Every structure is written in C-alpha cells, then in structure tokens.
Amino acid sequence: MSEKPEHFIVDGKRLDGRRVDELRPIKIEIGVLGRADGSCYLEWGNNKVLAAVYGPRELHPRHRQKMTRSVVQFRYNMASFSVDERTRPGPSRRSIEISKVSREAFEPVVFTKFFPKTAIDVFVEILQAGAGTRTAGINAASLALADAGIPMRGLVSACAVGKVDGEIVLDLMKEEDNYGEADLPVAMTAGRQITLLQMDGHLTTEEFYRALELAKTGCDQVYELQRQALIEKYSKEYTTEIEDEDPAPAGEPEGDADE
Amino acid sequence: MGKRIVIPGDLLSDDIRVSGSGTYVADGAVRAALYGLLNEGERYISVIPLAGRYIPQTSDRVIGVITEVTYSNWIVDINSPYDGLLHISQYPRRIEIEQMSRYLKVGDCILTMVKDVDASMKVELTLRDKDRELRRLSDGRITAISPTKMPRVIGRSGSMIRLLKSEIGCNMFVGQNGRIWINGSEDRIDLAIEAVRYIEANAHTPGLTDRMQAFLKAKKKTRFGKTHENEEEW
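Chains as they are written, first to last, in this note's numbering: chain A, 1 to 259; chain B, 1001 to 1234.
What follows is the structure in structure tokens.
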C-alpha cells in the first residue's frame, strides 16, 4: 500500500496529473458475455468491472415473488484478487451494503410493473479495484440493463466527489480515497434525480453543495460516455460483407444426401 | 438510412398522444423506455427493442417443450419467464388422465397457441384450432433467436419467411417466442439455420430481405460449386 503523500494537489494538478474537476479515463464495452441477457465491461482508471444482467426470469424462492411487479436483485462482489492484499471471497459486510444501495439506485428507474412475479438479476464483479468501485459498478450495471432490453426511465450514471487538501475534487483515485478528508459517491439519472448518495468523512454544508454540483457535472460526463457506447454497439455490428469463408473447392461432394 | 438508435430516457416528442410501445410519458413529454430503434409513424412513436425476453400474449403461436406432466396439465417451457400450462381438455381429442404421457411426454416439442394470460401471468395454452396447424412436432429441428428479432425472420407481411422457404426449399415455422422450427433435408436445415443466424446478427439494419437474397445466392454457390442458375439440380 502506498504511503500518504505530502500534498495531493501541486500547482493545480493532482497526483496523476488531473485537474480537480477531471475524471479518470473510462473505457466501455457492451455485450461482452454470450450467456447473459445483457452485459458490460467497464474500466475506469484502475478499476475493472464486469456487469451481467439476467432476466426478467422466474424468481425463486417463490415466496419472494411480487404479484404486481418484478424484483430487482443486485449482487456486488469483489474478486479475491482485485486488491493488493487478497480479500476473503464471498459476501462481506461491505459488499452486502454496496449491493443494497446499488439495488436501491436502480429500483426507482426500472419499470418493474411490466414483469410481475419475476426477478431482474444484476451481477457486478469487481475484477480490479482502485477507488470508486461502487460507482463504476453502477455505471456498468446501468448499461447491462439497457443491453438486456429492460425498460427503464433512463440510464443511471454515477461518480464520486471528495475533499483532499481542503479542496473539492472530482472522481477520487486510490490515494485520495484512502487519505482524503471526504468521499461522496453519487448516482443520478440524466434528469438529475439522485438515486444514490453516500458520504464518508466530513464536509461543511457549503462544501457539500459545492461537491454535489461537481458530482452532477461528473455524472453528465459519464452519461455522455455511456450513451456513446450504446450507440456505437449497433453501429459496429453492421455486417455488410457476406462472409464467404472457405469456399468449397469445385466438385467436392458435400453430403447432399437427397440427390 | 437505418432507424435511429435511442437509449432509455431520450426525449422523443412533446405530444403525449403519440406515445407507443417502448415509450413512457413523464412531465408531458414522451421518452424512450428501451434501448432500441426509433420507429416513427404519423400518429405514434415506438421503440423497437434490440433484446429482451418473450412475454406471452393471447393468441400468440409459440413453440414449447414439455417439462413436466402433472395431474390434468402439461407444463410447457415457452422460452419465457412464465411457464405455459396445457390442460388435458385442450388436447385435440379426449384423453384419459392416466394416458397423458402417452400423447405428450417430457421433452416433446409442440407448436401451440396461447389461449389466455391472466393478471397473475398464468399462461394457458391450447392445441385445439380450426385448421389443425397446432400439433406435436415429431421431426425437423428447432433453433432459437431473440424474440425481439423474430419479426425480421418473418419480414414485412411474410416476405422474408417466404423467401427462405422457397429459396432453401424447406418448411419453416417461426414462433412468437423466438423458437423456429425447420424441416427438410439435413443440409437444407443447416443452410436455413445459417440464414437465421445472419438475420440475428443484422436484425437492426434495413433492407434485410434484399441482402438475404444475395446471402443465399452466395452460400449456395460456395457450398455446392454451382451457380444459382442450376438451382433445379440442387
């Protein structure tokens, strides 16, 4: 684990050279899993996350079925190799909490009433963690849900803001997260309705509102990237060429039994 | 020009009267509820989904697989979050309860119709129909495509399915639930499945029937080393 740096911000630049209102680079791929109804692989700085959506599908156990709507289930899980020191596999206090708040970030957005008695299952696997995995997971899950054809009021975009060296900064990186003064993950729809808001550390009321404004600009940027990724998926899949792989040599008898 | 891709939340119109399937109305505006292709008609706007499960509706014709035989009902997998129920009385002829699995056993495939779906999503199926089209499928092969892409296998007023049937020379039935039954000689079935996969990969693009024609022509040529003109021999 890295040591606490003397200063987080030098000459207006952060440890990795970003400005205070700049996101880490994001890479998005949609539809990466063949067996899931919808999926998304997302890299955000050092984070690498994979989201998969299954459903709507039959919900077991039956007593958890809702007669008038679908149930959203969300599982956030960290791979044991996702951090420097191996984490114990399986659910932990932290991952259960993140699963809960992430699920609640989607429940108001998904049109559950169309699929009574079913479950919509969202799985988020953190393959590599580097600060801000819950927001990365929510962004990936949002795209996986869209990819699965689940009706939603809109996409959910998430990003974190925090305070280091007494300044409000966007999208905390590992060191800032570990040694900073505050961390504030936010998720919202494109219509700026907040579906997740947590805070760790201390902010004054004035700082909090400033941080929230910064988070909104961050979420807007994330939303643009999500939108681009979705549009690109079907622009790329256009297969114009008729692939004529291995044209059979003329005269080769090819099992036409009916002649 | 293909149809525009929209994502959930996109503003589609300020006139709430045009709200069609795949859209919703909020604050006096029509927005997209789905990730898919925008379909703009004169009096409505809808979004054609690119993915999604099959949700049964009354009078859909679907292809199902028997998963269980219970007292007076067959339980049928219809490729949906909801199981189908085929009651013994919906079998074309009267049979005794003890004899049920002699007529339809676990693993059998049937071409069936959704008779009714109630509010709790109990799906009742039937094998009774006037023209005797509904039946047990005893030969041929079944493949599946996403139910949202199924309409493209049929084409506008059946143009695609007609093309496939006549060009490949096989019998085909496309269920609303995305399962496709194909019958004919083995190599014709193989070609039909390839054609279906081609439709699946290009379902979001326009002019599919024309390109399918070219696709089948090329396939037949490479496969049999003969030209399209000698089709009779094939």
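All C-beta atoms, glycine included, are put in the ideal place defined by N, C-alpha and C. Computed from a predicted model, the values in this text were never measured in an experiment.
Among the CB atoms of chain B, one or more fall inside 8 angstroms of the CB of Glu58 of chain A. Of all residues in the region 1001–1018 of chain B, those with a C-beta nearer than 7 angstroms to a C-beta of chain A are Ile1005, Ile1007, Pro1008 and Gly1009, reading in chain order. Thr1112 of chain B is bridged by DSSP to B:Val1062. Here Ser1146 of chain B is near Glu1200 of chain B, since their CB atoms are less than 8 angstroms apart.
The Cβ of Thr1067 of chain B sits no closer than 8 angstroms to any Cβ of chain A. Contacts with chain A at 8 angstroms (Cβ-Cβ) include Gly1052 of chain B. When Cβ-Cβ separations below 8 angstroms define contact, Leu196 of chain A makes no contact with chain B.
Counting along the chain, Arg1152 of chain B sits inside the alpha helix (DSSP H) bounded by residues Met1150 to Ile1154. At a cut-off of 8 angstroms, the C-beta of Arg19 of chain A has no neighbouring C-beta in chain B.
If you look at Ala1195 of chain B, you'll find it in the alpha helix (DSSP H) that goes Glu1186 to Ala1201.
Here Thr1205 of chain B carries a coil assignment [DSSP, helix/strand/coil]. Across the set A:Met67, A:Arg24 and A:Lys66, the C-alpha of A:Arg24 shows the shortest separation from the C-alpha of Gly218 of chain A. When DSSP reads this structure, Met199 of chain A sits in no beta bridge, so it has no partner. Taking the beta carbon of Phe106 of chain A as reference, no residue of chain B falls within 8 angstroms; the closest one sits roughly 12 angstroms away. Taking 7 angstroms as the Cβ-Cβ cut-off, the region 1112–1132 of chain B approaches chain A at Ser1120 and Met1121, given in chain order. At the C-beta level, Ile28 of chain A and Ala229 of chain A come within 8 angstroms of one another. Under the 8 angstroms criterion on CB atoms, Ile96 of chain A is classed as non-interfacial with respect to chain B. When rounded, the separation of the alpha-carbon atoms in Ala1203 of chain B and Ile1066 of chain B is 29 angstroms.
Counting only Cβ-Cβ distances below 9 angstroms, Pro1049 of chain B has contacts in chain A at Gly149 and Pro151, in chain order.
Look at the region 50–82 of chain A and you find these whole runs of beta strand (DSSP E), each 3 residues long or longer: 71–78.
For Tyr1035 of chain B, at least one C-beta of chain A is nearer than 8 angstroms to its own C-beta.
Inter-residue distance for Ile30 of chain A and Leu59 of chain A is about 26 angstroms (C-alpha atoms, whole angstroms).
Restricting attention to alpha helix (DSSP H) runs no shorter than 4 residues, the region 158–212 of chain A encloses them at 174–179, ordered along the chain. The Cβ atoms of Ile1063 of chain B and Arg1179 of chain B lie closer than 8 angstroms to each other.
Residues of chain A whose Cβ lies closer than 9 angstroms to the Cβ of Tyr1024 of chain B are, in chain order, Phe111, Pro151 and Arg153. Under the DSSP definition of a beta bridge, Cys40 of chain A partners with A:Ile30 and A:Ala51. CA-to-CA, the gap between Val32 of chain A and Ser1089 of chain B works out to about 45 angstroms. Spatial neighbours of Ile1189 of chain B in its own chain (CB-CB distance under 8 angstroms, excluding positions within 5 residues in sequence) are listed in chain order as Gly1140, Arg1141, Cys1170, Ile1182 and Asn1183. Within chain A, no residue has its beta carbon less than 7 angstroms from that of Pro1206 of chain B; the closest one is some 10 angstroms off. Distance from Val1006 of chain B to Gly1036 of chain B at the Cβ level is roughly 7 angstroms; contact confirmed, criterion being Cβ atoms closer than 8 angstroms. Looking at the DSSP output, Asn1039 of chain B bridges to B:Ser1046.
At a cut-off of 8 angstroms between beta-carbon atoms, Asp37 of chain A makes contact with chain B. Cβ contact annotation for Ala158 of chain A (same chain, cutoff 6 angstroms, sequence separation greater than five): Thr135, Ile138, Asn139 and Ala187, in chain order.
Close to chain A, meaning a Cβ-Cβ distance shorter than 7 angstroms, are the following residues of the region 1077–1111 of chain B: Pro1081.
A straight line joining the alpha-carbon of Thr195 of chain A with that of Pro185 of chain A spans about 11 angstroms. The continuous alpha helix (DSSP H) containing Ile96 of chain A extends over residues Arg93 to Phe106.
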